[in-house]
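As structure tokens, the structure follows; a few thoughts come after it.
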Amino acid sequence: MAIEVGAIVEGEVTGITKFGAFVALPENKTGLIHISEVSNAYVKDVHDFLKEHDKVKVKVVSVDAKGKINLSIKQSETPEEKKMESKTFRNQNEDGAVKRPFDNNPRPQAAKPMGPASFEDKLSKFLKDSDSRMLDLKRNTDCKRGGRGGRREK
């Protein structure tokens, strides 16, 4: 079977880089899955989704004049596989929460607001945020001036 644009083929991951993964295809050809084509979820590190010698089903996105083959895993998936993708992510537990290498516990969920905030609540939150930002800005500029807040006269 020839490698044609739009064809879905199986291959084996032969190498992983920071920008994607190389896949060995039939007929002794090699293609690249760009990091943006690995998954529908955000991919910070390809190693979180793939490892060497994994068998993958890919779609041929393009073949240029030099013979470079661009591949996509996310375009080759059926809707059922897209639903299951979150379960197959290597660093997720059964609930779908991502485990960090430095942390055995999943990230806690942020508390959801119970209802619409009143104007006074919004105003107090704004003032608190504003004060903390001004304090940070003042500290930053004081450090640049020498810490005493101005020029010294002789």
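So the sequence shown is numbered by our numbering: it starts at -7 and just counts up by one.
The beta carbon of each residue, even a glycine, is placed where N, CA and C say it ideally should be.
Source: prediction; values computed, not measured.
Between which residues of its own chain and residue i is the CB-CB distance below 6 Å, once the five residues before and five after are set aside?
{"i": "residue 68", "result": "0, 49, 50 and 51"}
{"i": "residue 64", "result": "29, 51 and 53"}
{"i": "residue 11", "result": "27"}
{"i": "residue 44", "result": "5"}
{"i": "residue 9", "result": "none"}
Considering only residues of the same chain and omitting the five flanking positions on each side of residue i, which have a CB-CB separation below 7 Å?
{"i": "residue 35", "result": "27 and 41"}
{"i": "residue 25", "result": "12, 13, 15, 50, 63, 64 and 65"}
{"i": "residue 128", "result": "none"}
Taking all protein chains shown into account, decide if residue i is buried (16 or more other Cβ within 10 angstroms of its Cβ) or exposed.
{"i": "residue 13", "result": "buried"}
{"i": "residue 23", "result": "buried"}
{"i": "residue 31", "result": "buried"}
With residue i and residue j assumed to form a contact (beta carbons below 8 Å), what rounded beta-carbon distance in angstroms separates them?
{"i": "residue 3", "j": "residue 15", "result": "4 Å"}
Short of 8 Å in beta carbon distance, which residues of its chain neighbour residue i, apart from the five on each side in sequence? Order them along the chain.
{"i": "residue 61", "result": "-5, 17, 21, 22, 23, 24, 52, 54 and 55"}
{"i": "residue 39", "result": "8"}
{"i": "residue 46", "result": "4 and 5"}
Any beta strand (DSSP E) of 3 or more consecutive residues that is wholly inside the region -3 to 68: The qualifying runs are 0 to 9, 12 to 17, 21 to 26, 47 to 55 and 61 to 64.
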